Amino acid sequence: MRLDALRLDWELARRGYARYAAYPAATIAGVFVNTVFGFMRAFILLALFEQRDHIAGYDASATVTYVWLGQALIMTIYIFGWQDLALRIRSGDIAGDLIRPVHPLRASLAFDLGRALYHAIYRGLPPLLVGALVFRLVLPADPLEWLAFVISVGLAIVVSYGFRAIYNIVAFWTTDHRGAMFLGAVAVNLFSGFIVPVAFFPDWLAALAHATPFPSMVQLPIDIFIGRATGGEVLGTLAVQLVWAVVLLVIAERLFAFGVRRLVVQGG
Amino acid sequence: MAELRESLSLYRLLIAARVRAQLQYRTSFAIETVAAFLVSFLDFVAILVIFSNVPQLGTWSVAQVALLYALATLSFAFTDLVIGHLDGFPALIRDGNFDLMLVRPKGTLFQVITGDFQLRRLGRVAQALLVLGYALNTLAIDWTPDRALVLALTVPSGVLIYGSVWVAVICIAFWTVEGREAANAFTYGGAFLAQYPMNIFDRWLRRFLGYFVPMAFIAYFPALHVLGKTDPLGLPAVLQVASPVVALAAAVVASTVWRFAVRHYQSAGG
């Protein structure tokens, strides 16, 4: 029985992967945009190092590496927002999901993991490779660090899914979910450390960011990659991400249950 | 002339209808306007965080960069308000709805532009105005008639430049609907670039997005003139007052590209 459920998750994940692999021209166009932005962001942050050698423990190489990893994560964790679930709720398609023998959030998470793998490989790696060709990036030396980074990105995807699900579930209560999505994306962009590293923030803002799940989506995987977190800190970092992943998924599941109770779908 | 007047009155009529429709959903409108304000504010927060670590960025102070940011964002915000929905234009081609426009007695570009008007984008305008107020208040600008004139012409020129770039690059949809996102590198990418001093970018990026796609004329060159600042790039001073001319040239190029693309458009039928 449990094995059957996992088999279903696997099939859904494969569909998620295939759904996005079907549009190669869209992928190439997206890689082009992420790469152009990567160059701009790299030059902007490099200008800081004309005056200082180090900022909050970052040198120029670590900062440029941070930029390209951030560009690689844009689609992988949907930094700029996601509304697939909200659109299914608004259109009433969610009613069809509810009569299936798998929880809609579980199905959608499995699908999202497959999608994220596609985006990590085809939207994430190419800009990172271009960045590595043009700039001197900091690369993990130890295979264990690579492994920890891969696990960390996996957890980042789940954390981001949990948060994305929460702002999508708002659609049970309002026909216009876009406001919630925009506000969610603003929080992610700023507090995840995507637009500027959290370490560059003034102390009070950095403390505020670290009290939220957002750094688990971007800053923490990058910290592992560029070696800001080492040894036992790596395990601590992964533990923080795991806790946030569980907390957000539980909140999403509870909210979803509340939402379903008041759901009315017309017609059929 | 009569045709222009007719077009303008038709434009007013169509846009007024769109605006009325959006104001029917007051809560949505309010939330989305606030969200647009905050999304736009993020870019400025990044600048503030940068300046909490260094006093200058490529010889530019925080107030000077704020001026660049405000001019670039204000121009972009007005452009986005009027033609931001061009991002959805490729869907018109894909669904075959562009064919309908070809048989109507008005220009295709006119019909596409009047297709929508997202009032919530005023949130971005408001945010840019606040930063402009901060910049002009903090900078002790030595006002002369020519500086005031350059500043006054900066935003209209900027709108024309952004608008031209937007129209020209969205024409990619006539050849590939799937690859339409590539246009974002020029529209949103250009808007991002223009918020910062050109001299911090590498030469090839400056040439490509600063001069060829003339983003340096959106804020950088006019701001140098208004501030009476020496150009760190040492380029001819005439460029600092050239934005209106560049804008007109960009508009000519964009309308040529659009007409070329429409002439080569082949419907998928249906």
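Residue numbers (my numbering), protein chains in the order written: chain A, -16 to 251; chain B, 1103 to 1372.
For every residue, glycine included, the Cβ atom is placed at its ideal position computed from N, Cα and C.
All values reported here derive from a predicted model rather than from experimental measurement.
**Request:** Grab me the residues of residue 210 of chain A's own chain with a C-beta within less than 6 Å of its C-beta, minus the 5 sequence neighbours each way, in chain order.
**Result:** If you number the first sequence from 1, residue 210 of chain A lands on position 227. Once the five neighbours on either side are set aside, residue 210 of chain A has no close Cβ partner at all.
**Under the three-state DSSP convention, the category residue 38 of chain A falls into** = Start at 1 with the first residue of the first sequence, and residue 38 of chain A comes out as number 55. Correct three-state label for residue 38 of chain A: strand.
**Message:** So, under 8 Å CB-CB, residue 258 of chain A and residue 204 of chain A are touching, yes? Tell me the CB distance rounded to an integer number of Å.
**Reply:** Residue 258 of chain A cannot be examined here, being either before or after the span of chain A that is shown, -16 to 251.
**Item:** Short Cβ contact (8 Å threshold) for residue 1316 of chain B with residue 1348 of chain B
**Value:** Within the second sequence, residue 1316 of chain B is the residue found at index 214, counting from 1. Within the second sequence, residue 1348 of chain B is the residue found at index 246, counting from 1. Their beta carbons are under 8 Å apart, which means residue 1316 of chain B touches residue 1348 of chain B by this criterion.
**Request:** Identify the continuous alpha helix (DSSP H) that holds residue 182 of chain A and give its terminal residues.
**Result:** Your numbering for residue 182 of chain A matches position 199 in the first sequence. Segment: none, residue 182 of chain A is in no alpha helix (DSSP H) and carries neither H nor E.
**Message:** Using beta carbons (cut-off 8 Å, strictly below), is residue 1304 of chain B in contact with chain A?
**Reply:** Counting from one through the second sequence, the residue named residue 1304 of chain B turns up at place 202. Yes, its Cβ sits closer than 8 Å to a Cβ of chain A.
**Asked** residue 134 of chain A versus chain B: which residues are under 7 Å apart at the beta carbon?
**Response** Reading the first sequence from its first residue, position 151 is the one you call residue 134 of chain A. Correct list: empty, because the minimum Cβ distance to chain B is about 29 Å.
**Message:** Can you tell me which residues form a DSSP beta bridge with residue 1162 of chain B?
**Reply:** Here the question's residue 1162 of chain B lines up with position 60 in the second sequence. Paired residue(s): B/1159.
**Request:** Check whether the segment 108 to 115 of chain A touches the segment 196 to 203 of chain A, taking contact to mean three or more Cβ pairs, one atom from each stretch, closer than 8 Å.
**Result:** The segment 108 to 115 of chain A vs the segment 196 to 203 of chain A: no contact.
**Request:** If I'm right that residue 149 of chain A touches residue 59 of chain A with Cβ under 8 Å, what's the distance once you round it to whole angstroms?
**Result:** Mapped onto the first sequence, residue 149 of chain A falls at position 166. Mapped onto the first sequence, residue 59 of chain A falls at position 76. Cβ-Cβ separation between residue 149 of chain A and residue 59 of chain A: approximately 19 Å, too far for a contact (criterion under 8 Å).
**Asked** In chain B, which residues lie with their C-beta within 8 Å of the C-beta of residue 109 of chain A?
**Response** Counting from 1 along the first sequence, the entry for residue 109 of chain A is found at position 126. Below the 8 Å Cβ cutoff, chain B contributes no neighbours of residue 109 of chain A, its closest Cβ being approximately 14 Å away.
**Prompt:** At a Cβ cut of 9 Å, what residues of the segment 1263 to 1297 of chain B count as close to chain A, listed as they run along the chain?
**Reply:** Residues passing the 9 Å Cβ filter: 1274, 1278, 1279, 1280, 1281, 1282, 1283, 1284, 1285, 1286, 1287, 1288, 1290, 1291, 1294, 1295.
**Prompt:** Using a Cβ cut-off of 7 Å, which residues of the segment 1134 to 1152 of chain B contact any Cβ in chain A, in chain order?
**Reply:** Listed in chain order, the positions of the segment 1134 to 1152 of chain B with a beta carbon within less than 7 Å of a beta carbon of chain A are 1134, 1137, 1140, 1141, 1144, 1147, 1148, 1151, 1152.
**Item:** Coil, strand or helix - residue 200 of chain A by DSSP
**Value:** Here the question's residue 200 of chain A lines up with position 217 in the first sequence. Secondary structure at residue 200 of chain A: coil, using DSSP grouped into helix, strand and coil.
**Request:** Identify whether residue 1359 of chain B lies in helix, strand or coil by the three-state DSSP scheme.
**Result:** Here residue 1359 of chain B refers to the residue found at position 257 of the second sequence. In the structure shown, the three-state DSSP call for residue 1359 of chain B is helix.
**Interface flag, residue 151 of chain A vs chain B, CB-CB below 8 Å** = For the purposes of this step, residue 151 of chain A is taken as the residue at position 168 of the first sequence. Chain B contact via Cβ: absent.
**Short CB-CB distance (under 8 Å) between residue 166 of chain A and chain B** = The residue labelled residue 166 of chain A in the question sits at position 183 within the first sequence. So yes, residue 166 of chain A belongs to the interface.
**Message:** Considering Cα atoms alone, identify which of A/3, A/70, A/129, A/171 is closest to residue 193 of chain A.
**Reply:** Locating residue 193 of chain A in the first sequence gives position 210, counting from the first residue. The shortest Cα separation from residue 193 of chain A among A/3, A/70, A/129, A/171 belongs to A/171.
**Message:** Contact defined as beta carbons within less than 8 Å: I believe residue 89 of chain A pairs with residue 0 of chain A. What is the distance between those atoms, to the nearest angstrom?
**Reply:** Sequence index remark: in the first sequence, residue 89 of chain A carries index 106 (1-based). Sequence index remark: in the first sequence, residue 0 of chain A carries index 17 (1-based). About 17 Å separates the Cβ atoms of residue 89 of chain A and residue 0 of chain A, ruling out a contact at the 8 Å cut-off.
**Enclosing alpha helix (DSSP H) for residue 1219 of chain B [first to last residue]** = Sequence index remark: in the second sequence, residue 1219 of chain B carries index 117 (1-based). Residue 1219 of chain B -> no alpha helix (DSSP H), and no H or E assigned at all.
**Request:** Report yes if the C-beta distance between residue 162 of chain A and residue 1134 of chain B is below 8 Å; otherwise report no.
**Result:** Counting from 1 along the first sequence, the entry for residue 162 of chain A is found at position 179. Counting from 1 along the second sequence, the entry for residue 1134 of chain B is found at position 32. It is a contact, given that the beta carbons lie within the stated cut-off.
**Request:** Can you say whether residue 1306 of chain B is buried or exposed, counting buried as having 16 or more other CB atoms within 10 angstroms of its CB?
**Result:** In the second sequence, counting from the first residue as 1, residue 1306 of chain B sits at position 204. Exposed, since its Cβ has fewer than 16 Cβ neighbours within 10 Å.
**Nearest to residue 177 of chain A (by Cα), restricted to the options B/1118, B/1113, B/1147** = Residue numbering aside, residue 177 of chain A sits at position 194 when the first sequence is read from its first letter. Across the set B/1118, B/1113, B/1147, the C-alpha of B/1147 shows the shortest separation from the C-alpha of residue 177 of chain A.
**Prompt:** Should residue 38 of chain A and residue 31 of chain A be called a contact, given that it needs their Cβ atoms to be closer than 8 Å?
**Reply:** The residue labelled residue 38 of chain A in the question sits at position 55 within the first sequence. The residue labelled residue 31 of chain A in the question sits at position 48 within the first sequence. In this structure, residue 38 of chain A lies near residue 31 of chain A, with their beta-carbon atoms less than 8 Å apart.
**Asked** Hey, is residue 1372 of chain B's beta-carbon within less than 8 Å of any beta-carbon in chain A?
**Response** For the purposes of this step, residue 1372 of chain B is identified with residue 270 of the second sequence, where counting begins at 1. For residue 1372 of chain B, the predicted structure reports a pLDDT of 49, less than 50, and the residue's modelled location is therefore unreliable. A value from the coordinates is still provided. Taking Cβ atoms only, chain A never reaches closer than 8 Å to residue 1372 of chain B, which makes this a no.
**Asked** Measuring CA to CA, which of A/184, A/151, A/25 is closest to residue 235 of chain A?
**Response** As a first step, residue 235 of chain A is located in the first sequence; it is residue number 252 there, counting from the start. Looking at the Cα atoms, A/151 is the closest of the given residues.
**Prompt:** If the cut is a Cβ gap below 8 Å, which residues of chain B does residue 159 of chain A touch?
**Reply:** Position 176 of the first sequence, counting from 1, holds the residue named residue 159 of chain A. Ordered by position in chain B, the residues that pass the 8 Å Cβ test against residue 159 of chain A are 1127, 1129, 1130, 1133, 1134.
**Request:** Mind checking which residues open and close the alpha helix (DSSP H) that includes residue 58 of chain A?
**Result:** Here residue 58 of chain A refers to the residue found at position 75 of the first sequence. Looking at the DSSP string, the run of the alpha helix (DSSP H) that includes residue 58 of chain A is 43 to 59.
**Request:** Write down the C-beta distance between residue 1253 of chain B and residue 1346 of chain B rounded to the nearest angstrom, noting that I regard them as a contact closer than 8 Å.
**Result:** For the purposes of this step, residue 1253 of chain B is identified with residue 151 of the second sequence, where counting begins at 1. For the purposes of this step, residue 1346 of chain B is identified with residue 244 of the second sequence, where counting begins at 1. Taking 8 Å as the upper bound for CB-CB distance, residue 1253 of chain B and residue 1346 of chain B are not in contact here, some 12 Å apart.
**Asked** Over what stretch of residues does the alpha helix (DSSP H) that includes residue 164 of chain A continue unbroken?
**Response** Taking the first sequence and counting its residues from 1, one reaches residue 164 of chain A at position 181. For residue 164 of chain A, the uninterrupted alpha helix (DSSP H) segment begins and ends at 161 to 174.
**Request:** Measuring alpha carbon to alpha carbon, tell me which of A/146, A/106, A/127, A/154 ends up nearest residue 217 of chain A.
**Result:** Here residue 217 of chain A refers to the residue found at position 234 of the first sequence. Distance check between residue 217 of chain A and each of A/146, A/106, A/127, A/154 places A/127 closest, using alpha-carbon atoms only.
**Message:** Using 8 Å for Cβ pairs, my map puts residue 1267 of chain B next to residue 1292 of chain B. What's the rounded Cβ distance?
**Reply:** Working through the second sequence from its first residue, we reach residue 1267 of chain B at position 165. Working through the second sequence from its first residue, we reach residue 1292 of chain B at position 190. Contact check for residue 1267 of chain B and residue 1292 of chain B: beta-carbon distance about 6 Å, within the 8 Å limit, so the pair qualifies.
**Message:** Can you give me the C-alpha to C-alpha distance between residue 228 of chain A and residue 1262 of chain B, rounded to a whole angstrom?
**Reply:** Walking along the first sequence from the start, residue 228 of chain A turns up at place 245. Walking along the second sequence from the start, residue 1262 of chain B turns up at place 160. So the two alpha carbons sit approximately 46 Å from each other.
**Request:** Reducing DSSP to helix, strand and coil, say where residue 1286 of chain B ends up.
**Result:** In the second sequence, residue 1286 of chain B corresponds to position 184, counting from 1. Three-state result, residue 1286 of chain B: helix.
**Asked** For residue 1230 of chain B, which of helix, strand or coil comes out of DSSP?
**Response** In the second sequence, the residue the question calls residue 1230 of chain B occupies position 128. In the structure shown, residue 1230 of chain B sits in a helix (DSSP, three-state: H, G or I).
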